[in-house]
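To keep things clear, I will list the structure first and then write my remarks on it.
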Amino acid sequence: MGLRRRVVALRTPRGLLPMGASMTPQSFAANRGGSGLSLSSFLLLKYGFVETDIMSAAEYGNLRAVKVLLKMKGSTQNKLGETALMRAAYGGHPECVKFLLKREGGKRRNNGTTALMYAARRGKLESVQLLLEREGGMKKNNGETALMYAAQYGRRECAEALLDKEGGMRANSGWTALMHAADNGCSDCVRLLVDKEDGMKTNNGWTALMHAVFCGHLECVELLMDKEKGMQTTREWFGFPPGTTALDIARRHGHDAIASLLE
């Protein structure tokens, strides 16, 4: 921050406010109008930062700002239900996660998303480990879990940390973490999850193998075929009738190399 910006920030209608002013965050919040300072100017003077949004402070790992702003503003949950802890987890800032966990752990967004899900999606292993005991096993409104996010985005280390707590869980649609991994071609996660979740089906009867075949992920098919090769769908879905097999899907989509494996 340049000198000119610092001087301007400290100037008020009553002149320059002296460095080391004794005003506290609470007294500033109560008497903001009379001080002549904006909130960002006060924070610069007193604490050396200008961040006024606790969500952004948490996301970027500014623990000092988080602590001060939390005292000033109290609740951090926004209209979406998002918390500062979620932002800290998303950014992968363990110190902020530790500080906020006791206060905000277990809270959900309006759609049910948790801080653990944020961390798992982004591959922030240390944050996942910190949040696991408090939030492991929690589901979104649609039934999805943190493990499903880790699998979907190929975050193998996070998926491994979550496996014991969340392996085998299903979303409302019947989808599993293994299916998400197979659908997105995340072979490392498929390899990790296959022994725990093989043979499971969606509400339409689709398996992880079928999703891998549909999307043409050959390596995932090779990992899944021995355990799910002969399984059939139970309902019509995506134009495929009940009784469809992985081989049928491969042939219909012209995945010749995959079809030859499954024949």
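With this note's numbering as the guide, the letters of the sequence shown map in order to residues 48 to 310.
Where a beta carbon is used, it is the ideal one built from N, C-alpha and C, also for glycine.
Since this is a predicted model, take the numbers as computed values, not measurements.
Task: Exposure label - Leu127; buried when at least 16 CB within 10 Å - done: For the purposes of this step, residue 127 is taken as the residue at position 80 of the sequence shown. The Cβ neighbour count for Leu127, taken over all protein chains shown within 10 Å, is under 16; the residue is labelled exposed.
Open item on the list: Using a 10 Å radius around the Cβ and a threshold of 16 neighbouring Cβ atoms, would you call Phe287 buried or exposed?
Closed with: As a working mapping, residue 287 is identified with position 240 in the sequence shown. Here Phe287 is buried: its Cβ has 16 or more other Cβ atoms, across all protein chains shown, within 10 Å.
- [ ] Would you kindly work out how many angstroms separate the C-alpha atoms of Val260 and Arg169, rounded to a whole number?
- [x] The residue you call residue 260 lines up with position 213 of the sequence shown. The residue you call residue 169 lines up with position 122 of the sequence shown. Between Val260 and Arg169, the C-alpha separation is close to 26 Å.
TODO: Using the Cα positions of Glu213 and Asn251, report the straight-line distance between them to the nearest angstrom.
DONE: Along the sequence shown, one-based indexing puts residue 213 at 166. Along the sequence shown, one-based indexing puts residue 251 at 204. One C-alpha to the other measures close to 22 Å.
TODO: Report yes or no: do the segment 183-190 and the segment 131-151 share at least 3 C-beta pairs separated by less than 8 Å?
DONE: The segment 183-190 is not in contact with the segment 131-151.
Open item on the list: Along the chain, where does the alpha helix (DSSP H) containing Gly138 start, and where does it finish?
Closed with: The residue you call residue 138 lines up with position 91 of the sequence shown. Here the alpha helix (DSSP H) through Gly138 covers 131-138.
Task: Glu275, buried or exposed, once every other Cβ within 10 Å from all chains shown has been counted against 16 - done: Taking the sequence shown and counting its residues from 1, the one referred to as residue 275 is at position 228. Of the other Cβ atoms in all chains shown, 16 or more fall within 10 Å of the Cβ of Glu275; this residue is therefore buried.
TODO: Have a look at Thr281 and Asp235 and give me their C-alpha separation to the nearest angstrom.
DONE: Numbered from its first residue, the sequence shown carries residue 281 at position 234. Numbered from its first residue, the sequence shown carries residue 235 at position 188. Take the alpha-carbon of Thr281 and the one of Asp235: they are about 28 Å apart.
TODO: Grab the span of the alpha helix (DSSP H) containing Cys233 for me, first residue to last.
DONE: The residue labelled residue 233 in the question sits at position 186 within the sequence shown. Where Cys233 is concerned, there is no enclosing alpha helix (DSSP H), given that its DSSP letter is neither H nor E.
Open item on the list: Nearest by alpha-carbon distance to Asn158: which of Thr254, Ala197, His302, Glu191 is it?
Closed with: Within the sequence shown, residue 158 is the residue found at index 111, counting from 1. Here the closest residue by C-alpha is Glu191.
Open item on the list: Helix, strand or coil for Phe261? Go by DSSP, reduced to three states.
Closed with: For the purposes of this step, residue 261 is taken as the residue at position 214 of the sequence shown. Helix, per DSSP.
- [ ] Measuring alpha carbon to alpha carbon, tell me which of Glu180, Gly263, Gly215 ends up nearest Met247.
- [x] Locating residue 247 in the sequence shown gives position 200, counting from the first residue. Taking only the C-alpha atoms, the option nearest Met247 is Gly215.
- [ ] Would you mind reading off the limits of the alpha helix (DSSP H) that contains Pro141?
- [x] Within the sequence shown, numbered from 1, the residue matching residue 141 stands at position 94. Per DSSP, Pro141 is one residue of the alpha helix (DSSP H) stretching across 141-151.
Task: Cα-Cα separation, Ser69 to Leu116 - done: Within the sequence shown, numbered from 1, the residue matching residue 69 stands at position 22. Within the sequence shown, numbered from 1, the residue matching residue 116 stands at position 69. Low per-residue confidence applies at Ser69: pLDDT is 42, beneath 50, and the placement is therefore not dependable enough to give any value.
Task: Cα-Cα separation between Gly263 and Leu163, rounded to whole angstroms - done: Translated into positions along the sequence shown, residue 263 becomes position 216. Translated into positions along the sequence shown, residue 163 becomes position 116. Taking the straight line from one Cα to the other gives about 30 Å.
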